[in-house]
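Some notes on the structure that comes next.
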Amino acid sequence: MEYFEKIEKNPYEDLKWNVPERKQGIVNVIGGNAQSFRSEVKVAEFLAGTYPVQEVRVVMPDKLKGKLPPLPNFVFAPSTDTGSFAESQELLDFFSASDYNLVLGDLSHNKVTGRAVASACKSAEKMTLVTRDAVDIIAENMPERVLMNENIVFMASVAQLQKLLRAVYYPKMLLMSSSLVQVVEVLHKFTLSYPVSVVTLHNEQVLVAHNGIVKAMTLSATGYSPMMFWSGEAAAKIVGMNLYNPNQFVEATICGVSTQDRCW
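The working numbering numbers the first residue of the sequence shown as -12 and each following residue consecutively.
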């Protein structure tokens, strides 16, 4: 398959040289609800400590204002009565006023929050990585519109990707029992049909797909366990490397997930 390459170790170490010495760029870590917000704060701290990002903002529902200290990088958008995001111009503005958005999840699965997050992703003009339960939110709300946005990256499990495919009546199936070749073929055709990019994990292989090109790296080469791969840290590394290496998504993503140390 000319569109597929299996990589044993990171061949893109030179991309680290594009990471600036001075802090540059604004990243939003978006998510949380009235009961859960620690992942967003933790991932934002990791991102700020690993890459020279000028500002890492944690965008959360305003129901959390009284539960958190008044730090300058904690910003809030209107929330529902239950404490998750509501539809608002403020949330849309946050998506547009950054260089990269990381939608980390911890979202309430109600229709209002679903529409709010899906609408923001649908119209996102900056690169936006959607992961964890935020992927399920998209699959349940306007998936066909979000999938037409070339700025969207899905970091999702095979089960979540299958949910997305079913939501838009895609003619190919993805199963946990599928072979690596079968998953690669679906990712190849899917990222030709839709302009989004995809990062997933299957059979101990990290798969990165963009514009029909699919590359794989063994999970052991990244230093992550299957559970830790979805913690949000790997997503933060993908954001960091792509922030400073635009238009090299596949290469920057592989470099990001396989980088074990600080980049500055």
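Beta carbons: idealized from backbone N, C-alpha and C, even for Gly. Model, not experiment: these values are computed from the prediction.
Per-residue DSSP class, three states only, for A64: Position 77 of the sequence shown holds residue 64. A64 falls in the strand class under three-state DSSP.
Segment contact, 8 Å Cβ cut-off, at least three pairs: the stretch 0 to 10 with the stretch 66 to 73: no
Closest Cα partner of V43 within the set M215, V90, A196 and W4: For this step, residue 43 is matched to residue 56 along the sequence shown. If we check each option's Cα against that of V43, V90 comes out closest.
Counted within 10 angstroms of its Cβ, other Cβ atoms place S245 as buried (16 or more) or exposed: As a position in the sequence shown, residue 245 is number 258, starting the count at 1. Buried, because 16 or more other Cβ atoms sit within 10 Å of the Cβ of S245.
Other residues of its chain near G210: CB distance less than 6 Å, five sequence neighbours each side excluded: Residue mapping note: residue 210 aligns to position 223 of the sequence shown, counting from 1. The answer, listed in chain order, is Q247.
CB of V45 within 8 Å of CB of G219, strictly: Translated into positions along the sequence shown, residue 45 becomes position 58. Translated into positions along the sequence shown, residue 219 becomes position 232. No; because the gap between Cβ atoms is not below 8 Å, this pair is not in contact.
Same chain, Cβ closer than 8 Å to V168, five either side skipped, listed in chain order: Taking the first residue of the sequence shown as 1, we reach residue 168 at position 181. Within the same chain, Cβ atoms closer than 8 Å to the Cβ of V168 are found at M(-12), the five residues on either side in sequence being excluded.
Reduced DSSP secondary structure (H/G/I, E/B, other) of K(-4): Position 9 of the sequence shown, counted from the first residue, corresponds to residue -4. Assignment of K(-4) by DSSP, reduced to helix, strand and coil, places it in the coil class.
Contact check, D93 vs S23, beta carbons under 8 Å: As a first step, residue 93 must be located in the sequence shown, where it is residue number 106. As a first step, residue 23 must be located in the sequence shown, where it is residue number 36. A contact, by the Cβ cut-off of 8 Å.
Residues that DSSP places opposite L116 in a beta bridge: In the sequence shown, counting from the first residue as 1, residue 116 sits at position 129. Note: L116 sits in a beta bridge opposite L89 and V140.
Span of the beta strand (DSSP E), counted from its first residue to its last, around K52: The count along the sequence shown starts at 1 and reaches residue 52 at position 65. Per DSSP, K52 belongs to no beta strand (DSSP E) and is neither H nor E.
Residues near F236 in its chain [Cβ-Cβ closer than 7 Å; skip 5 each side]: In the sequence shown, residue 236 corresponds to position 249, counting from 1. These residues qualify, in order along the chain: S184, H197 and N229.
Three-way DSSP call (helix, strand, coil) for Q192 in this model: To locate residue 192, count along the sequence shown from 1; it is residue 205. Correct three-state label for Q192: strand.
Simplified DSSP state of A73, which is helix, strand or coil: Taking the first residue of the sequence shown as position 1, residue 73 is located at position 86. In this structure, A73 counts as coil in the three-state DSSP scheme.
Proximity below 8 Å, CB of M114 to CB of V133: Reading the sequence shown from its first residue, position 127 is the one you call residue 114. Reading the sequence shown from its first residue, position 146 is the one you call residue 133. Cβ atoms of M114 and V133: not closer than 8 Å.
Own chain, CB closer than 8 Å to V5, minus 5 neighbours either side, in chain order: Here the question's residue 5 lines up with position 18 in the sequence shown. A small correction: the amino acid at residue 5 is Asn; Val does not occupy that position in the sequence shown. Cβ neighbours of N5 beyond the five flanking positions: Y231 and N232.
Inter-residue CB distance, E131 and G101 (contact presumed, cutoff 8 Å): As a first step, residue 131 is located in the sequence shown; it is residue number 144 there, counting from the start. As a first step, residue 101 is located in the sequence shown; it is residue number 114 there, counting from the start. Incorrect: roughly 14 Å between the Cβ atoms, too far for contact.
Completely contained alpha helix (DSSP H) runs for the stretch 174 to 232, where each covers 4 or more residues: Qualifying alpha helix (DSSP H) stretches, in chain order: 220 to 230.
Cβ pair count under 8 Å reaching 3, the stretch -12 to -3 against the stretch 164 to 183: In short, these stretches touch, since the Cβ pair count reaches three.
Alpha-carbon spacing of G53 relative to A203, whole angstroms: Position 66 of the sequence shown holds residue 53. Position 216 of the sequence shown holds residue 203. About 44 Å.
Where the alpha helix (DSSP H) through G18 begins and ends: The sequence position of residue 18 within the sequence shown is 31, counting from 1. Careful: G18 lies outside any alpha helix (DSSP H), inside the beta strand (DSSP E) at I13 to G18.
Three-way DSSP call (helix, strand, coil) for S23 in this model: As a working mapping, residue 23 is identified with position 36 in the sequence shown. DSSP places S23 in strand when its eight states are reduced to three.
Pair within 8 Å by beta-carbon distance, L162 and Q147: Walking along the sequence shown from the start, residue 162 turns up at place 175. Walking along the sequence shown from the start, residue 147 turns up at place 160. Against a cut-off of 8 Å, the Cβ pair of Q147 and L162 comes out as no contact.
R132 - containing alpha helix (DSSP H), residue span: The count along the sequence shown starts at 1 and reaches residue 132 at position 145. Residues P130 to V133.
Top-ranked residue by Cα proximity to N97, from T67, V195, D1 and L152: Here residue 97 corresponds to residue number 110 of the sequence shown, with the count starting at 1. It is T67 whose Cα lies nearest to the Cα of N97.
Alpha-carbon spacing of V136 relative to A121, whole angstroms: Start at 1 with the first residue of the sequence shown, and residue 136 comes out as number 149. Start at 1 with the first residue of the sequence shown, and residue 121 comes out as number 134. The sequence given here places Asn at residue 136; Val does not occur at that position. C-alpha separation (whole angstroms): 16 Å.
Secondary structure of R44, DSSP reduced to three states: For this step, residue 44 is matched to residue 57 along the sequence shown. DSSP places R44 in strand when its eight states are reduced to three.
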